[in-house]
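To start, the structure itself, in structure tokens.
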Amino acid sequence: MTVREEVRERIERDALLAKLRKKIESGKGTYADTAAYSVRAGKLLGEIFSRRLPEIPLEEREPLCVDLLHDQYIDINVAVDTVQRFRDEAQGFHLAPQHAPFDSERGHQIGSSLRDLSKPLEILQRRAKAATETATKAIHDDRMKSEAKFRYNAGLDCRITRVAVNGCCPWCSDVAGRYRYGEEPDDIYKRHDNCDCTVTFENGRKRQDVWSKREWEAPEPGAGAGDPVVFTKEQAEALQEKHGLTNPAENGTIQQGPSLRISMQFFAHRNSEDMPTIRLPKQEYAHVMSEIASHLTDDDKTSPVFVKRIGNYQYTVENHGFGDYRIIAKRRIKNG
Ligand SMILES: [Zn+2]
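Under our numbering, the first residue of the sequence shown is numbered 1268, with each subsequent residue one higher.
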């Protein structure tokens, strides 16, 4: 069996991962579950890759490392897609998934460092394990970061939560916490080797009303970051036996690369009616309406809600058809 096949098989057979997939597919999953999934999958990958490193020819180490991480990239993103679909549905909307691009550079760097024959094999094996584990967790981190950014830009209230697993280390304990988007520490997505801390985001159902300073409808703490499921080996095996195996990667589809298109982004919504109307000063209102009228795309015309960037602001507009628009969000566009 090739290394890739062994990793794939272990991931499919692993009791904890099977349980997490089951929970995610049932609609009860959270991003804490997908984070736990990436932590566990990374450990399996690291263990197998490290153990089998001696038999992998030097020139194959780098491309194999990239392939192994790409497999994880697909799997983890499918899991996040599924959680997101259910969570959005519960909140009454649907936003396109924002897959962070696959960072192949990471795989190349790790892989090429495993060809360094000046280092004892034992060191290379340790590196193969720790670095691929960390890179797998980073796939999940990247996705959370990309989603939070997109949703925040779409006008939703977003929070970022970092949980320090078992206290982890003083640095991790320091950076752990739940932050409003934009107020999180710069290092929130950083992790050292063997750090199983999780970073997740959650978003409110409503956009922030910048004019009335109305409080947003924030989710309960932990709504997007529930407690990860942790089972004993026996419990996990019993569950695995009971539920059989599932593999979301076979049912899901995934797009490569980011699909961030702010100007076209689409809130397909039954619930935009719940959003308060943003009252603009007369002049600004006239300007916005004229901009919309002259730059309406075919997609906008058929969307119940569309977003337009005008000057330094992004306006979210509910479309009632032919010139009847209601502005439901306005957000200043951050530079860069
Ligand atoms: Zn940590």
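Even for Gly, the Cβ is constructed at its ideal location relative to N, Cα and C.
Remark: the C-beta of residue 1302 is outside contact range of ligand 1, defined as less than 7 Å to any heavy atom.
Here the alpha carbon of residue 1290 sits roughly 30 Å from the alpha carbon of residue 1420. Looking from the CA of residue 1564, the closest CA among 1555, 1575, 1554 belongs to 1575. A Cβ-Cβ contact shorter than 8 Å links residue 1414 with residue 1468. Positions of the alpha helix (DSSP H) runs, each at least 4 residues long and wholly inside the stretch 1365-1419, are given as 1371-1380 in order along the chain. The C-alpha of residue 1322 lies about 50 Å from the C-alpha of residue 1423. The beta carbons of residue 1399 and residue 1309 sit closer together than 8 Å.
In this structure residue 1336 touches residue 1373 by the C-beta definition: roughly 7 Å separates them, less than 8 Å. Take the alpha-carbon of residue 1579 and the one of residue 1571: they are about 23 Å apart. The alpha-carbon separation between residue 1342 and residue 1458 amounts to approximately 21 Å.
For residue 1394, the CB stays at least 7 Å from every heavy atom of ligand 1. For the options 1378, 1569, 1440, 1397, the alpha carbon positioned closest to that of residue 1465 is the one of 1440. With respect to the 8 Å criterion, residue 1338 and residue 1445 are not classified as neighbours on the basis of their beta carbons.
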